[in-house]
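As they're listed, the protein sequences go chains A and B. When you number the first sequence by my numbering, it's gap-free, plus one each residue, and the end is 136. When you number the second sequence by my numbering, it's gap-free, plus one each residue, and the end is 1136. Right, one structure below, let's go through it.
Protein chains: 2
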Amino acid sequence: MPSAKLTWVEDAMFVASDTRGHTVVLDVKQEAGGSDSGVQPADLIMFSVAGCMGYDIVSILKKKRANLQRMTVEVEGERAPEHPKRYVRLKLKIRTNPEVSREDIQRSFELSRDKYCSVLATLRSPVEFDFDVGTE
Amino acid sequence: MPSAKLTWVEDAMFVASDTRGHTVVLDVKQEAGGSDSGVQPADLIMFSVAGCMGYDIVSILKKKRANLQRMTVEVEGERAPEHPKRYVRLKLKIRTNPEVSREDIQRSFELSRDKYCSVLATLRSPVEFDFDVGTE
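And the structure:
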C-alpha cells in the first residue's frame, strides 16, 4: 500500500518523505506565512500529473524505438476564485524533439491518457477520504 | 495562474520546477525502469494533500495561540487493482503534541477539510483537462 509521512518543521515548512527515502521540502511564499524554502503543496498536483504522463510517454516511445532526445511538459492550472480555490482545469503542453514522429507522440500520449496514467485517472474521479485526527 | 514545467533528464527521471525556482527530482524504482533517484509522480498526490492540510491546520492553530510543538501527517493510499490504478481512497492520520487541546485540533482540521484545503477539494471533484501534444 503506498504511503507517505510529513513532519512539520516550523511556520509553513514541512518535510515530506516517501517509503524509499526521498524527501521533498514544502513551504509557501512569505505573503502566505512561509519562508519560500520549498514547493507549495498545491503545485505538487501539477508536478504529479505532468510527471506521470511524461513517464508513460517516455516509456512507450522507448518501446517504439523512437528517437527521443528531449521532452518538456508545461502545466497551467485554473483555480476556482472562492475558497477552497480548487483546481477546476489543468492544461498540459507536451513537446519532444522534432525527430519523433507525430504519430508516435500522439499514440503514446493517448495510451497514457486513456489507459496508464494513474494520476490523471485520480484527478478525473472523486477520491474518498478517511481522517484520524488527534494528539500523540 | 499557477504553472509548472517538467524537463526530462533520462530514463524515468524528470526535474519539475515551479515559478519560484524550487525543483523536485522525479524518478521511479529500478523495477519500473528508473534509477530511484527521486520521488514517484503518484506519491506527490499524497505529499500534496497532506502538506495542504498540514499547512492549514498549523496556520489556524497559530491563530488560536495553541501550544503547537510537533505535527505529523501520515498518509496511506488505496489504489484500484487494474490500470490505470487510480487512487480510490486516501487515509490521513494527523497528530500533534498532547499540549494542543482536542477541541482546537479538531476545529482546525474541520476548517481545512470543509473550507480551506484546495488540494483536498481538487481531489474530491473531477478536474477538467486540456492537452496540447507535439514536437518542438
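Quick reminder that beta carbons are idealized off the backbone N, C-alpha and C, glycines included.
Residue of the options minimising C-alpha distance to residue i
| i | options | result |
| --- | --- | --- |
| Tyr1087/B | Ala1042/B, Ala1016/B, Arg1095/B | Ala1042/B |
| Val1015/B | Val1039/B, Ala1032/B, Gly1033/B | Val1039/B |
| Leu120/A | Gln106/A, Arg89/A, Glu128/A | Arg89/A |
| Val1025/B | Phe129/A, Val9/A, Ser48/A, Ala32/A | Ser48/A |
| Ile94/A | His83/A, Pro84/A, Val75/A, Pro81/A | Val75/A |
| Leu44/A | Thr1023/B, Ala1032/B, Gly1033/B, Lys1063/B | Thr1023/B |
| Asp1130/B | Pro84/A, Lys29/A, Glu78/A | Glu78/A |
| Asp104/A | Leu61/A, Ser35/A, Ala32/A | Leu61/A |
| Gly34/A | Lys1091/B, Cys1052/B, Ala1032/B, Ser1035/B | Cys1052/B |
Cβ-Cβ separation, residue j to residue i (assumed contact under 8 Å), whole Å
| i | j | result |
| --- | --- | --- |
| Val1073/B | Ala12/A | That pair is no contact at about 13 Å. |
| Thr1096/B | Thr7/A | About 12 Å; that fails the 8 Å criterion. |
| Ala1050/B | Ala4/A | 6 Å |
| Asp1027/B | Ser1037/B | 4 Å |
| Val1127/B | Leu123/A | 4 Å |
| Lys1029/B | Arg20/A | 7 Å |
Closer than 8 Å at the beta carbon, the chain B residues around residue i
| i | result |
| --- | --- |
| Ala66/A | In chain order: nothing, as chain B lies at least about 11 Å away. |
For residue i, three-class secondary structure by DSSP
| i | result |
| --- | --- |
| Arg1086/B | coil |
| Ser1108/B | helix |
| Ala1066/B | coil |
| Met1013/B | strand |
| Ala42/A | coil |
| Met1/A | coil |
| Glu31/A | helix |
| Arg95/A | strand |
| Thr7/A | strand |
| Gly51/A | helix |
| Thr23/A | strand |
| Val1075/B | strand |
| Asp56/A | helix |
| Glu1128/B | strand |
Chain-ordered chain A contacts of residue i [CB-CB under 8 Å]
| i | result |
| --- | --- |
| Glu1076/B | Met1, Pro2, Ser3 |
Proximal residues of chain B, C-beta to C-beta of residue i below 7 Å
| i | result |
| --- | --- |
| Gln106/A | Val1133 |
| Ser125/A | Arg1086, Pro1126 |
Closer than 9 Å at the beta carbon, the chain B residues around residue i
| i | result |
| --- | --- |
| Lys29/A | Arg1020 |
| Glu82/A | None at all; the shortest Cβ gap to chain B is about 10 Å. |
Cβ-heavy atom distance, residue i to the ligand GTP, below 7 Å
| i | result |
| --- | --- |
| Phe47/A | For the ligand GTP, the structure offers nothing, since it holds no ligand at all. |
Touching by the beta-carbon criterion (3+ pairs, under 8 Å), the stretch 1044-1060 of chain B and the stretch 1110-1117 of chain B: The count of Cβ pairs closer than 8 Å, one atom from the stretch 1044-1060 of chain B and one from the stretch 1110-1117 of chain B, reaches three, so the stretches are in contact.
Is there contact between the stretch 62-72 of chain A and the stretch 97-110 of chain A, where contact requires at least three CB pairs shorter than 8 Å? yes
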